[in-house]
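Protein chains in written order, with the working numbering: chain W, 1 to 778; chain G, 1001 to 1127.
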Amino acid sequence: MGQNIETDGWRERSQGLLDEAVDEARRLHHSYLGVEHLFIAMLRKHGSKAEVLVHLFGAEAGQLRDAIRREMGTGNGAAQGVPPLTPRLVTVLRRADQHSGPGSPLSEEHLLQALFEEGESLPVRYVASIGWQSSAVLACLDSNASPNKADQTRLAPNSGADFATPAIVPPSIPSPQSSPPHGHGPAIVPKSEVPVSMPTPTLDEFGRDLSKLARLGRLDDATGREGELEQIITILARTQKSNPLLLGEAGVGKTAIIEGLAWRIANSKVPDVLRGKRIVELDMGGLTAGTTLRGQFEERVKQVLSEATNAPEVILFIDEIHTIVGAGAGSGANDAAQMFKPALARGDISCVGATTQDEYTRFLRKDSALERRFSPVIIKELQADGALLVLHKVAPRILARQASKGHALTVAPDALRAAVTLTDKYVKDRHQPDKCIDAIDIACARAVVRGRNAVSVDDVASVISEWTGIPAGRLTADERQRYAGMEDVLNQRVVGQDQAVRIVSRNVRAALAGLKPPNRPIGVFLFVGPSGVGKTQLAKELATFLFDTPDALIRFDMGEYQEKHMVSNLIGSPRGYIDSDQGGRLSEVLRRRPYSIVLLDEIEKAHPDVYDIFFSAFDEGYITDNLGHQIDCSNAVFILTSNITISTMGYTAAEPAEVRSVAAQFLRPELVNRITEVIRFSPLGTPELARILDKFLADRIERFRNSQNLVVSIDDSVRELILGARFDGRMGARPLERSVEEFFVQPLVGQILSGGVTAGRIRASVEGGRVIFSSLQD
Amino acid sequence: MATELVLTYMSGPHDGETVRMAALGDPLECTFGRSEACSIQIQNDPDISRSHARLYWNNGKWWLQDLGSLNGTYLGEFLRSSKVNSPLVVKPAQIFRMGAARFRLDEPSSSDGRGKAEAAQISNKAT
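Now the structure itself:
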């Protein structure tokens, strides 16, 4: 070292070539000047001998330049002033001196000849590695780039046309991969797996090279997304707006599609137009992180854009692209979107974005200048069979990852199928294939934690049960047997309403057997009858029977919805109002728990406008909340209760059809029309009340036994006293409960407190119109 | 036995320069990296680790070993390059690469006429 381009007047004599080489070294941030820079400088010159030579060997100057640049890499900083020459460049220049004669101009031929004679520089080693023979090159140069007639065999029709020099063919066809000429000369096909590219240090730092990951086998093809991929490839091949924007709900696999594209590019399964492309996922968070100084963020974004512009093979992928709107914006600063716009508009960069429909509407749509640069591709949720295919590919990866942590697991094929069908059926607020993958992943994690090595259908069911609140056993068990005995179970708990129980059971059974239209609720029932006859009780028992928990009953007292504006309580406030970002009571509960019983008590008291939201629920099986989300109701049971007939007609005499027509007078007819069954609850007669009284008493006796260790036996006289005192058919069973408290519970509590009764067996009987308690001897 | 190690830079600012060194230590070795303690210090290359790789003499051959570098060491270049995961034998005239720096292992006798040979005695990394 120590020599520079001024030595021996080289700079003057090279006719600007060495200056070009210095420029190239600066571009690559190299602090020295080498043979590589000189060679690239020669290739950059249009119509240069080097370019002609490269064409003769069936290569393309730009590609060769990029390949050499990639092999060199970028440095840490360019030297100020004149960079020192490498020893090899000095050798080459001295050799060229010999050819030209001291003091004469150093022509390109002399330099090229010296370069190939020296024979060990990186460019020469590179071209040798792709099949060029130094002797052949030197032979070409020796003939002063004039055609060697003896060697001229054949040449592609127009390969020599662009150049001043007549076409010749080198003594030996260099590249073994050269294809027979058709149309134009065979291009260099880099044998290297790594496509040739410009150095992109900033992108490398802030991006994730999907193409590289694909080559390393870390990514997989996108399953079941042929149509979408074709759309994306078509958009990328466009001359304008060649920027696909993937729109789809969270979890439908937008990122997976782009990873699939990277995989296809890496495996050469794409049309020619995408061959050699490199997809780099830009990490917007990383770009913003650590930018403490003003302008730092802009500088990074600019650098990324300039690298992406200079490296035409780069396709930027920005996941959650709405984050570029506003990223880096501060007082007086541009956000990233403003900086991307010109590059996108000019078509300098190719960019793929992905975001959800919501975010697209909220952020990108506002910025129409940005929006119009993109061509949207709608990504729909995968159907069950597609999701299963995906799961079959993903599950082995989950297992491999667990295995790498030392947990060998197996997953039953049934479990995969169950994950798809159960999530499809029961998990409505998430999307395939994300939800089924999650279910399997959690089931595997749980197996690992519990030290088991197999994942079964039951494990998957228990995960989904946790998400939905539906008991695991219920998800997989055969329910036919249970539903056959539905009436018996309900009748045991709801007294005296055999007919109502029968109608409800019949309808629910039919709906669950698949005899209902798929988008209708399981049932919409109007329970009509006097107070206290078991309407709410039946709803509760139905919740327990169907969904195993009384919590599945969501109760709305429609008396609270007498005002028009109370609708917003059910489905959330409209945009622009306070709390519009929160959901409504009904919509939120149904979203989280689609398997529910919705009880609308005293429906006739609600404001008629409140009914409107139920029309679509009863008819189409969904309600639309304040944000426009459709919430599925097809797995819910709606029970409306009313006691309208009491004052208008003797409900004992009313037939269902009559009740329906009376209901239509009080409710809006279109609502009544959407009700599956109007069910009349009979008033309770003495035998029914006696059975209910027995239930109440049994319940109280049980409580005394548990809390006070008292075993109480009750005389019939007590029963008669209670029944006789408060029997009033119109009030239903509720007064009965109050009588039990008054005649039995409170006197007994008094006795316990006064010490008249202690633990043991006691008997309750009537004496003088009052209940008295006496101890029984064992 | 002290063996002479002859290496030629095949890229970078020293491209074409040949270094000869009397490898010392047991086993005889020559280390490469960004750190000053390395026998051959490679600066201004972001892809080079502090202690990147080493050549050591074993069974009459030079072996190339990666010292857990971040970006790897490769034997061969361009299409015929393989990552050095476990020590590999380097034959004379073979090129190996770390970051953008490339070296060729030369035969002690054949290096005289090649390039601008600089006899350099580089102290070995203290063992």
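From the three backbone atoms N, C-alpha and C, an ideal C-beta is built for every residue, glycine too.
Would you tell me roughly how many angstroms separate the C-alpha atoms of residue i and residue j, rounded to the nearest one?
i: Ile554 of chain W; j: Ser268 of chain W; result: 56 angstroms
i: Phe556 of chain W; j: Asn569 of chain W; result: 11 angstroms
i: Gly514 of chain W; j: Gly485 of chain W; result: 18 angstroms
i: Lys425 of chain W; j: Val637 of chain W; result: 16 angstroms
i: Leu112 of chain W; j: Thr7 of chain W; result: 19 angstroms
i: Arg346 of chain W; j: Thr309 of chain W; result: 10 angstroms
i: Glu688 of chain W; j: Gly496 of chain W; result: 6 angstroms
i: His46 of chain W; j: Phe340 of chain W; result: 32 angstroms
i: Arg761 of chain W; j: Glu737 of chain W; result: 24 angstroms
i: Ile440 of chain W; j: Ser456 of chain W; result: 10 angstroms
i: Leu219 of chain W; j: Gly58 of chain W; result: 34 angstroms
i: Glu118 of chain W; j: Asp23 of chain W; result: 24 angstroms
i: Val194 of chain W; j: Leu33 of chain W; result: With a pLDDT of 38 at Val194 of chain W, under the threshold of 50, the modelled position of this residue cannot be trusted; read the value that follows with caution. Computed Cα separation, rounded: 26 angstroms.
i: Thr74 of chain W; j: Leu89 of chain W; result: 19 angstroms
i: Leu542 of chain W; j: Ala454 of chain W; result: 36 angstroms
i: Leu141 of chain W; j: Glu109 of chain W; result: 7 angstroms
i: Ser1039 of chain G; j: Glu359 of chain W; result: 56 angstroms
i: Ala214 of chain W; j: Ala262 of chain W; result: 6 angstroms
i: Thr291 of chain W; j: Pro271 of chain W; result: 40 angstroms
i: Val92 of chain W; j: Leu293 of chain W; result: 46 angstroms
Establish whether the CB of residue i and some CB of chain W are separated by less than 8 angstroms.
i: Ala1100 of chain G; result: yes
i: Leu1079 of chain G; result: yes
i: Glu1017 of chain G; result: yes
Counting only beta-carbon separations shorter than 8 angstroms, does residue i have a partner in chain G?
i: Leu122 of chain W; result: yes
i: Thr91 of chain W; result: yes
i: Ser404 of chain W; result: no
i: Asn76 of chain W; result: yes
i: Tyr126 of chain W; result: yes
i: Ser129 of chain W; result: yes
i: Thr288 of chain W; result: no
i: Thr202 of chain W; result: no
i: Arg783 of chain W; result: This structure leaves residue 783 of chain W out entirely; chain W is present only between 1 and 778.
i: Arg346 of chain W; result: no
i: Thr86 of chain W; result: yes
Please go through the same chain and pick out, in chain order, the residues whose beta-carbon is closer than 6 angstroms to the beta-carbon of residue i, but skip the five residues on each side of it.
i: Glu299 of chain W; result: none
i: Ser596 of chain W; result: Ala552, Ile554 and Ala636
i: Phe317 of chain W; result: Ile258, Ile279, Glu281 and Val352
i: Pro376 of chain W; result: Leu245 and Leu247
Going along the chain, which residues of its own chain have a beta-carbon closer than 8 angstroms to the beta-carbon of residue i, five neighbours each way excluded?
i: Trp1063 of chain G; result: Leu1055, Tyr1056, Trp1057, Pro1087, Leu1088, Val1089 and Val1090
i: Ile315 of chain W; result: Leu236, Lys277, Arg278, Ile279, Val280, Ser350, Cys351 and Val352
i: Leu1067 of chain G; result: Thr1031, Gly1033, Ser1049, Ser1051, His1052, Ala1053 and Arg1054
Here's a check: name, in chain order, each residue in its chain whose Cβ is nearer than 7 angstroms to the Cβ of residue i, leaving out the five neighbours to either side.
i: Gln15 of chain W; result: Pro105
i: Gly621 of chain W; result: Asn519, Arg520, Pro521, Asp632, Cys633 and Ser634
i: Arg430 of chain W; result: Gly251
i: Glu604 of chain W; result: Ser642, Ile644, Phe666 and Leu667
i: His407 of chain W; result: Val448
i: Val427 of chain W; result: Lys435, Ile464, Trp467 and Thr468
i: Met1010 of chain G; result: Ile1095, Arg1102, Phe1103 and Arg1104
Considering only DSSP beta bridges, list what residue i is partnered with.
i: Thr323 of chain W; result: BP columns for Thr323 of chain W are empty, so no partner.
i: Met1021 of chain G; result: G:Leu1005
i: Ile762 of chain W; result: W:Val712 and W:Ser775
i: Phe527 of chain W; result: W:Thr641 and W:Ile679
i: Asp1066 of chain G; result: G:Ala1053
i: Gln630 of chain W; result: W:Thr624
- Query: What residues in the region 1001-1015 of chain G bring their beta carbon closer than 9 angstroms to a beta carbon of chain W?
  - Reply: Thr1008, Tyr1009, Met1010, Ser1011, Gly1012, Pro1013, His1014 and Asp1015
- prompt: Taking a cut of 9 angstroms between CB atoms, which residues from the region 1036-1069 of chain G lie near chain W?
  reply: Gln1043, Asn1044, Asp1045, Pro1046 and Asp1047
Listed from N- to C-terminal order along the chain, which residues in the region 54-72 of chain W have their beta-carbon within a distance smaller than 8 angstroms of any beta-carbon of chain G? Glu71 and Met72
Contacting positions in the region 32-47 of chain W - beta carbon closer than 8 angstroms to chain G:
Tyr32, Gly34, Val35 and Glu36
The region 92-107 of chain W: which residues have C-beta closer than 7 angstroms to a C-beta of chain G, in chain order? none
What residues in the region 5-27 of chain W bring their beta carbon closer than 7 angstroms to a beta carbon of chain G? none
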